[in-house]
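All remarks here apply to the structure that follows.
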Amino acid sequence: MKLFVLGATGRTGHQFVDQAIEHGHHVTAFVREQKKLIPTPQLEIIEGDVTDSAALTDALAGHDAVISCLGTDLSDSDFLARVTDALVPALKANDVTRVVYLASAGIDKEIPGIAGTVVTFMLRKPLRDHRAAVDLWRNSSFDYTIVRPMQLTDGPRTSVYRTSIDSIPDNGKQISRADVAQFMLNAVEDQLFVRQSVGLAY
Numbered sequence: 001m002k003l004f005v006l007g008a009t010g011r012t013g014h015q016f017v018d019q020a021i022e023h024g025h026h027v028t029a030f031v032r033e034q035k036k037l038i039p040t041p042q043l044e045i046i047e048g049d050v051t052d053s054a055a056l057t058d059a060l061a062g063h064d065a066v067i068s069c070l071g072t073d074l075s076d077s078d079f080l081a082r083v084t085d086a087l088v089p090a091l092k093a094n095d096v097t098r099v100v101y102l103a104s105a106g107i108d109k110e111i112p113g114i115a116g117t118v119v120t121f122m123l124r125k126p127l128r129d130h131r132a133a134v135d136l137w138r139n140s141s142f143d144y145t146i147v148r149p150m151q152l153t154d155g156p157r158t159s160v161y162r163t164s165i166d167s168i169p170d171n172g173k174q175i176s177r178a179d180v181a182q183f184m185l186n187a188v189e190d191q192l193f194v195r196q197s198v199g200l201a202y
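Structure follows, in structure tokens:
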């Protein structure tokens, strides 16, 4: 497959790129700065603005799926929603329908108890931006998968984790970025969880 990755220089995005290449896929990393990645025969790097729909349209030609591993900081931003606004017409122009979008647990206020209330409040600004982007996917005709991990760690890939549709796994607290990347790659390869929102945790 030919996979188009946003956020490839981030910690989860980097894991996804490495694993996709391990599986023999060709990856295009659409990045702001090339210096963080090294091109290889299986990795093409294109510098550009992820909110520029025309640039995305040109770069997306010939791809099978888009994987977004973009995140944002704790500021009050609409960055992720603007990226999605730019990406939608680019996907349509290239007849690409498959999207895997990395969001966060908490976008649907699905984390229970006091801990959930605290986390949702602390992350309210990035969660609001993720939610706006996710709403655009949910209201579209694309074959999206929304990925909602609990707290991300830099632990190893274990390949052993739990999923929960529209919620989070009971008592789930954490999951490694490597395992999140594996889940996202499996979802693309095997057409899993299409038009679903999936919580991830150990």
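Counting along the sequence shown from 1, when you hit position 13 you're at 13 in the UniProt record's numbering, and nothing is skipped either side. Heads up, the beta-carbon is just placed ideally off N, CA and C, and yes, glycines get one too.
In this structure, what does DSSP give as the bridge partners for Val50? Val50 pairs with nothing; no bridge assigned.
Since Arg148 is in the beta strand (DSSP E), which residue starts that stretch and which ends it? Asp143 to Pro149
Terminal residues of the alpha helix (DSSP H) in which Gly116 lies: Gly113 to Met122 is the span of the alpha helix (DSSP H), which, as asked, contains Gly116.
According to DSSP, is Arg157 helix, strand or coil? coil
Can the beta-carbon of Ile175 be found closer than 7 Å to that of Ala105? Contact annotation: Ile175 and Ala105 have beta-carbon atoms that are not nearer than 7 Å.
Can you tell me where the alpha helix (DSSP H) holding Val194 begins and where it ends? No alpha helix (DSSP H) holds Val194; DSSP gives it neither H nor E.
Can you look up Thr57 in the DSSP assignment and give me helix, strand or coil? helix
Compare the Cα-Cα distances from Phe79 to each of Asp64, Ala55, Val99 and Val50 and report the closest residue. Val50
Can you tell me whether Thr84 is helix, strand or coil according to DSSP? helix
Cα-Cα separation between Asp18 and Ala29, rounded to whole angstroms: In this structure, the straight-line span from the alpha carbon of Asp18 to that of Ala29 is close to 11 Å.
Would you list the one or two residues that DSSP bridges to His26? His26 is bridged to Lys2.
Terminal residues of the continuous beta strand (DSSP E) containing Gln174? Gln174 to Ser176
Looking at the unbroken beta strand (DSSP E) that takes in Leu70, where does it start and where does it end? Careful: Leu70 lies outside any beta strand (DSSP E) and carries neither H nor E.
Residue nearest to Gly172 in terms of C-alpha spacing, selected from Leu185, Val194, Glu22 and Pro149: Pro149
Closer than 8 Å is the cut-off here; do at least three beta carbon pairs connect the segment 109 to 119 with the segment 70 to 78? At 8 Å Cβ cutoff, the stretches do not touch.
Excluding sequence positions up to five away, which residues of its chain have a Cβ less than 6 Å from the Cβ of Asp166? Ser197
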